[in-house]
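Asks: Numbered by the UniProt record's numbering, the letters in the sequence shown go through residues 1 to 200 in order.
A virtual CB, placed ideally from N, CA and C, is assigned to each residue, including glycine.
In this text, all values refer to a predicted model and were calculated from it rather than measured experimentally.
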Amino acid sequence: MDLERTRPIMKTDQSWRKDPEYVAIVEDLLAKPEVKALANYTQHHHSNRLQHSIAVSYDSYRVAKKLNLDYESTARAGILHDLFYYDWRTTKFDLGTHAFIHPRVALRNAEKLTDLNDKEQDIILKHMFGSTLAVPKYWESLIVSLVDDYEAEHEFFRPMRKKLRHQKRNLQRRYQASRRQTRHQMRGERVNGTVINNHQ
Numbered sequence: 001m002d003l004e005r006t007r008p009i010m011k012t013d014q015s016w017r018k019d020p021e022y023v024a025i026v027e028d029l030l031a032k033p034e035v036k037a038l039a040n041y042t043q044h045h046h047s048n049r050l051q052h053s054i055a056v057s058y059d060s061y062r063v064a065k066k067l068n069l070d071y072e073s074t075a076r077a078g079i080l081h082d083l084f085y086y087d088w089r090t091t092k093f094d095l096g097t098h099a100f101i102h103p104r105v106a107l108r109n110a111e112k113l114t115d116l117n118d119k120e121q122d123i124i125l126k127h128m129f130g131s132t133l134a135v136p137k138y139w140e141s142l143i144v145s146l147v148d149d150y151e152a153e154h155e156f157f158r159p160m161r162k163k164l165r166h167q168k169r170n171l172q173r174r175y176q177a178s179r180r181q182t183r184h185q186m187r188g189e190r191v192n193g194t195v196i197n198n199h200q
């Protein structure tokens with residue numbers, strides 16, 4: 001499976017709202033108060049848990065669909081993969097790390113909301129593959145795990161990237177202006193109405 005070729009399709013933001021097939025698959029979940037409550041929890045500093053879950057769900061759905069896999073189970077499990085209600089930065093567990101515990105909490109919470117097929121259970125339980133030793137049983141589980149990592153990085157660094165792009169543009173403008181002025185000076189051309197001649 002070549003996930004690199006799916007990279008350009010990962011552009012969630014609000015585009016999921018314009019995909020009627022996706023909306024039809026997840027709208028019953030998005031209508032549930034338990035899922036809506038995810039909006040009350042910060043996920044990766046610059047997003048809330050509901051935004052993150054929708055981004056993971058929709059991008060995973062698009063990848064699975066492009067690869068002719070079970071995109072319905074992928075979309076639904078993506079919405080539910082982080083269905084827990086605590087701040088993972090401050091809440092600690094005696095039984096293990098957040099990476100180990102929260103998929104189990106999310107699965108238990110998801111099972112209370114809706115019937116889950118085997119694949120959806122595996123997707124939720126194994127979405128922390130790489131941080132845990134829980135190896136995905138299905139391609140769809142691997143997709144959600146990889147997209148979850150991608151979205152976490154994207155959500156965390158996007159504001160910094162915007163700031164860096166802005167600073168880079170400003171530096172490029174100043175550099176170009178400086179180069180123009182230097183070229184004018186070397187040619188003995190007018191700069192601000194004054195003839196400059198370096199060849200005296």
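Taking the alpha helix (DSSP H) that S15 belongs to, which residues open and close that run?
Replies: The residue given as residue 15 occupies position 15 in the sequence shown. Premise fails: S15 is in no alpha helix (DSSP H) and is neither H nor E.
Asks: What is the residue span of the alpha helix (DSSP H) that H52 lies within?
Replies: Numbered from 1 along the sequence shown, position 52 holds the residue referred to as residue 52. Per DSSP, H52 belongs to the alpha helix (DSSP H) from R49 to K66.
Asks: Report yes if the CB atom of A77 is closer than 8 Å to the CB atom of E111, and no otherwise.
Replies: Counting from 1 along the sequence shown, the entry for residue 77 is found at position 77. Counting from 1 along the sequence shown, the entry for residue 111 is found at position 111. No, these two residues do not count as a Cβ contact at 8 Å.
Asks: Just to confirm, are K65 and Y71 a CB contact at a threshold of 8 Å?
Replies: The count along the sequence shown starts at 1 and reaches residue 65 at position 65. The count along the sequence shown starts at 1 and reaches residue 71 at position 71. Contact: yes.
Asks: Can you tell me which of the three DSSP states T182 falls into?
Replies: Here residue 182 refers to the residue found at position 182 of the sequence shown. Reduced to three states, the DSSP call for T182 is helix.
Asks: Given a cut-off of 8 Å on the beta-carbon distance, is the pair P136 and D115 in contact?
Replies: Position 136 of the sequence shown, counted from the first residue, corresponds to residue 136. Position 115 of the sequence shown, counted from the first residue, corresponds to residue 115. No.
Asks: Please state whether DSSP places T132 in a helix, a strand or coil.
Replies: Sequence index remark: in the sequence shown, residue 132 carries index 132 (1-based). Here T132 sits in strand by DSSP.
Asks: If distances are taken between C-alpha atoms only, which option among D82, R174, N109 and W139 comes closest to R68?
Replies: By 1-based counting over the sequence shown, the position of residue 68 is 68. For the record, residue 68 in the displayed sequence is Asn; it is not Arg. Of D82, R174, N109 and W139, the residue nearest in Cα terms is W139.
Asks: Taking just the CA atoms, how far does T42 sit from L80?
Replies: As a first step, residue 80 is located in the sequence shown; it is residue number 80 there, counting from the start. As a first step, residue 42 is located in the sequence shown; it is residue number 42 there, counting from the start. So the alpha carbons of these two residues sit roughly 16 Å apart.
Asks: Kindly give me the distance between the Cβ atoms of V26 and A75, rounded to whole angstroms, as I take these residues to be in contact under 8 Å.
Replies: Counting from one through the sequence shown, the residue named residue 26 turns up at place 26. Counting from one through the sequence shown, the residue named residue 75 turns up at place 75. Their Cβ separation, rounded to whole angstroms, is 5 Å, which keeps V26 and A75 in contact under 8 Å.
Asks: If we ignore side chains and look at the alpha-carbon of each, how far apart do V23 and L133 end up?
Replies: Residue numbering aside, residue 23 sits at position 23 when the sequence shown is read from its first letter. Residue numbering aside, residue 133 sits at position 133 when the sequence shown is read from its first letter. If I take the Cα positions, the gap works out to 33 Å.
Asks: With a 10 Å radius around its C-beta and 16 neighbouring C-beta atoms as the bar for buried, classify L171 as buried or exposed.
Replies: Counting from one through the sequence shown, the residue named residue 171 turns up at place 171. Classification of L171: exposed, given that the 10 Å Cβ count is below 16.
Asks: Nearest CA to the CA of S60: which residue from N40, H127 and R183?
Replies: If you number the sequence shown from 1, residue 60 lands on position 60. Here the closest residue by C-alpha is H127.
Asks: When burial is assigned at 16 or more other CB atoms within 10 Å of the CB, is D82 buried or exposed?
Replies: One-based indexing of the sequence shown puts residue 82 at position 82. Buried.
Asks: Any idea if E21 is buried or exposed, counting beta-carbon neighbours within 10 angstroms, 16 or more meaning buried?
Replies: By 1-based counting over the sequence shown, the position of residue 21 is 21. So E21 ends up on the exposed side.
Asks: Determine the burial state of P33: buried for a count of at least 16 other Cβ atoms within 10 Å of its Cβ, exposed for fewer.
Replies: As a first step, residue 33 must be located in the sequence shown, where it is residue number 33. It is exposed - the Cβ of P33 has fewer than 16 other Cβ atoms within 10 Å.
Asks: Applying the criterion that 16 or more other CB atoms from any shown protein chain within 10 Å of the CB defines a buried residue, is R62 buried or exposed?
Replies: Looking up residue 62 in the sequence shown gives position 62. R62 is buried by the Cβ-count criterion.
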